Amino acid sequence: MKIKYSAAEIAARIAAVDPSFRVPTDEQIPIIQAPLAPTVVIAGAGSGKTEVMSQRVLFLVANSLITPDQLLGLTFTRKSAGDYRDWE
4 MKIKYSAAEI AARIAAVDPS FRVPTDEQIP IIQAPLAPTV VIAGAGSGKT
54 EVMSQRVLFL VANSLITPDQ LLGLTFTRKS AGDYRDWE
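So this is what it looks like as structure tokens:
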């Protein structure tokens with residue numbers, strides 16, 4: 004998988020124009036940049052799972068590893084669904 008932009012580079016560019024953007028932590032970056040394969044993230048409430056999933060999608064599209072029409076995101080809470088809706 005050829006990476007053009009790291010998760011940290013993408014986050015820094017977005018944060019430069021949107022200070023409210025949440026920059027991923029050192030623990031989240033490996034998940035965002037994980038190889039393109041089925042992945043399960045198990046973590047507690049409020050740990051940033053939804054944010055990681057959103058930033059992973061951004062990472063994959065920015066690096067042309069997927070196209071938006073190849074994406075299906077599933078969530079189990081109304082709050083998470085609202086977070087994804089904000090990306091439209």
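Counting in my numbering, the sequence shown runs from 4 upward without gaps.
Even for Gly, the Cβ is constructed at its ideal location relative to N, Cα and C.
Owing to the predicted nature of the structure, the values given are computational and were not obtained by experimental measurement.
Mind checking residue 23: buried by the 16 CB within 10 Å criterion, or exposed? Taking the first residue of the sequence shown as position 1, residue 23 is located at position 20. With fewer than 16 neighbouring CB atoms inside 10 Å of its own CB, residue 23 falls in the exposed class.
Return the first residue and the last residue of the alpha helix (DSSP H) that residue 52 is part of. On the sequence shown, residue 52 is found 49 positions in, with the first residue counted as 1. Taken as a continuous stretch (DSSP letters only), the alpha helix (DSSP H) holding residue 52 covers 52-65.
Taking only three categories from DSSP, how would you classify residue 20? Residue 20 sits at position 17 when you count from the first residue of the sequence shown. Collapsing the DSSP output to three states places residue 20 in a helix.
Out of curiosity, what's the CA-to-CA distance linking residue 8 and residue 17? Counted from its first residue, the sequence shown places residue 8 at position 5. Counted from its first residue, the sequence shown places residue 17 at position 14. A direct Cα-Cα distance of roughly 12 angstroms separates residue 8 from residue 17.
What first and last residue would you give for the alpha helix (DSSP H) that runs through residue 34? The sequence position of residue 34 within the sequence shown is 31, counting from 1. In the DSSP assignment, residue 34 falls within the alpha helix (DSSP H) that extends over 32-35.
Where does residue 71 fall in DSSP's three states? Position 68 of the sequence shown, counted from the first residue, corresponds to residue 71. Here DSSP, grouped into helix, strand and coil, assigns residue 71 to helix.
On the CB-based measure, 16 or more other CB atoms within 10 Å of its CB, does residue 77 come out buried or exposed? The residue labelled residue 77 in the question sits at position 74 within the sequence shown. Counting of Cβ neighbours within 10 angstroms places residue 77 among the exposed residues, the total staying below 16.
Proximity below 9 angstroms, CB of residue 51 to CB of residue 36: The residue given as residue 51 occupies position 48 in the sequence shown. The residue given as residue 36 occupies position 33 in the sequence shown. No. Outside cutoff.
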